[in-house]
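Presented below is the structure to which this report refers.
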Amino acid sequence: MRWVSLTLAFAIVCAPLLAADTNKKTAERLDDSASLFSEIMGTPDRAIPQDLLEKAQCVVLVPELKKAAFGVGAKYGRGFAVCRGAGGTGWGPPAAIRIEGGSIGFQIGVSSTDVVMLIMNHRGMRRLSSSKFTIGADASAAAGPVGRNIAAQTDAFVSAEILSWSRSKGLFAGVSIDGATLRNDLDENQILYGQRWTSKQILGSGAKIPEVASKLIAVLNKYSMRARK
């Protein structure tokens, strides 16, 4: 009984510390997502084309997707999806997501990479609002182009529900992410909203944007001319 009491007392003392650490990691991930997008868009000649950003319904940012150093190269990351708010101009509240597996490109010797996705239409947004979906199987995707303008409006860009890029060792380029699964991150959403809300309950809902996400939303609005109209 004494050991049980000690264990319970230890848990009670440590719980607030663990919660604070978890909240800190969520805030850091939001700030990392904001920095990722700002750094990419800050160099227009090597950034996501502006006209694609204006057409996009949602943005998904995953800073530091990890590649396991063992087994068959498992991949795992946590990030955020943000969709256009009411009226389709400014950006709404972020929904936490997890991304797992897939043929996401890594440079040789790189153990993590940043991933950016644009959700280009309402079909893609519906996929994003589901509990989970697999890119390539449930949603069509293409490696996104880089630069100020798109040289050719290919069928891949026009018809794709998702365009994707990665950045590793400073190199930002379009990348295929077929086979990757995106799912709701209910634990992180509870930290942000106090409720285990799903992506469907958050994206486009008009929910209040958490203060800790204000930097990310400000960066998205800064680089989207559509958001400033």
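Residues in the sequence shown are numbered consecutively from 278, following our numbering. Positions of the beta carbon are idealized from the N, C-alpha and C atoms, including for glycine. Bear in mind the structure is a predicted one, so any value in this text is a computation, not a measurement.
For A324, name the three-state secondary structure that DSSP assigns.
coil
Just list the residues that DSSP pairs W442 with in beta bridges.
V393, G451
Let me know if Y353 comes out buried or exposed under the rule of 16 or more other beta-carbons within 10 Å of its beta-carbon.
Counting other Cβ atoms within 10 Å of its Cβ, Y353 stays below 16 and is therefore classed as exposed.
Check the C-beta distance from G379 over to A457 and give it rounded, since I have them as a contact under 8 Å.
3 Å
Hey, would you say I374 sits closer than 8 Å to R460, going by beta carbons?
yes
How would you write the range of the alpha helix (DSSP H) that R403 sits in, first residue to last?
399-405
Taking 8 Å as the threshold (C-beta atoms), are M397 and C360 in contact?
No.
Return the Cβ separation of P441 and V452 in integer angstroms, given the expectation that the two are a contact with Cβ distance under 8 Å.
It should be pointed out that residue 441 corresponds to Ser in this sequence rather than to Pro. Contact holds; Cβ gap of about 6 Å.
Just confirm the distance between the C-beta atoms of L493 and L307, as a whole number of angstroms; I'd bet it's less than 8 Å.
Rounded to the nearest angstrom, the Cβ distance from L493 to L307 is 5 Å, consistent with a contact under 8 Å.
Per DSSP, which residues does I494 bridge with? Please list them.
The partner list for I494 (beta bridge, DSSP) is empty, contrary to what the question assumes.
So, are the CB atoms of T303 and L469 less than 8 Å apart?
Closer than 8 Å, so yes.
Between which two residues does the alpha helix (DSSP H) containing K477 stretch?
476-479
In terms of DSSP beta bridges, what is L342 paired with?
T390
In the DSSP output, what is T411 paired with across the bridge?
Looking at the DSSP assignment, T411 forms a beta bridge with T458.
Pick out whichever of V393, Q334, P370 has its Cα sitting closest to the Cα of I317.
V393
How is the alpha helix (DSSP H) around I468 delimited, first residue to last?
463-470
So what's G354 in DSSP terms, helix, strand or just coil?
strand
According to DSSP, is V423 helix, strand or coil?
coil
Let me know the secondary structure DSSP gives R538 once reduced to three states.
The structure shown does not extend to residue 538, since the chain is modelled only from 278 through 506, so no value can be given for it.
For I317, the three-state DSSP class (helix, strand or coil):
helix
Out of curiosity, what's the CA-to-CA distance linking L497 and F314?
CA-CA distance, L497 to F314, rounds to 8 Å.
Looking at the secondary structure, which residues open and close the beta strand (DSSP E) in which A372 lies?
372-377
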